[in-house]
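Asker:
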Amino acid sequence: MRFLCKPLLYRWFIRKAGQMKKTKAFSFPECLQSQEKVVFFMPEDKEFAKIILSELPEESLKKILFIAHGDLEILFSTTKAQVSYYTDEGCRYGETLFDKLEYQVKTYAPVACVYPGPYKPQFLYLALISGAACRVGFDCAKEFPFLNVSLHPLKTISPARMMARYFIKGKKG
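Just so we're aligned, residue 6 is where the sequence shown starts under the numbering used here, counting upward by one.
1) Could you check which residue in Y98, A132, F71 has the C-alpha nearest to that of E49?
2) Just the C-alpha distance for P158 and V88, rounded to the nearest angstrom, thanks.
3) Give a yes or no on whether the C-beta atoms belonging to P150 and L133 are separated by under 8 Å.
4) So, with DSSP's three-state summary, where would you put L159?
5) Would I57 pass as a contact of A165 if the rule is Cβ separation under 8 Å?
6) So within the region 64-141, which uninterrupted alpha helix (DSSP H) runs reach at least 4 residues, ignoring any that extend past its ends?
7) In its own chain, which residues sit with a C-beta less than 8 Å from the C-beta of T101, not counting the 5 before and 5 after it?
8) Beta strand (DSSP E) containing F46: first to last residue?
9) Taking the alpha-carbon of G122 as reference, which of M168, T84, Y113, Y108 has the nearest alpha-carbon?
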């Protein structure tokens, strides 16, 4: 089935997600700083990913499930991070690899999802069905209800550094 526009595709994924429970209350950025589980949809941009991995506190890596493109495998090889890789061919709704990612995200039961973008409908769907109360992205008001916290990048700091710093206890951004 082909969709002619993004809104139709988004509506289809919302229907696939089914009746969602009301979002629980959360406190941002505390939900990222607690020792609770987080799913992080890593951007395919290697420089962005490198900055995030270098800036994230070591203890945060233990509680994050990264969803990353296979091209980023070398960046993660030096960390003790928990990572699930995908490929462009295998990451469409209904494909075996996608079903595996969907199962992992649901069973991981995160309190938060971080998706800096660029936004792909299938990953927005995964963020929504994760059950996470806090689903964060950059300039993502149009991606509601998939993401429910929209950050705006600052001119003084890169979005990658800004996102990584939200994981540091005591920092507000």
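C-beta: ideal position from N, C-alpha, C; glycine also.
Answerer: The answer reads as follows:
1) Answer by Cα proximity: F71.
2) C-alpha separation (whole angstroms): 26 Å.
3) yes
4) coil
5) In this structure, I57 sits near A165, with a CB-CB distance shorter than 8 Å.
6) If we require 4 residues or more, the alpha helix (DSSP H) runs fully inside the region 64-141 come out as 78-81, 101-113, 126-134.
7) G95
8) 43-46
9) M168
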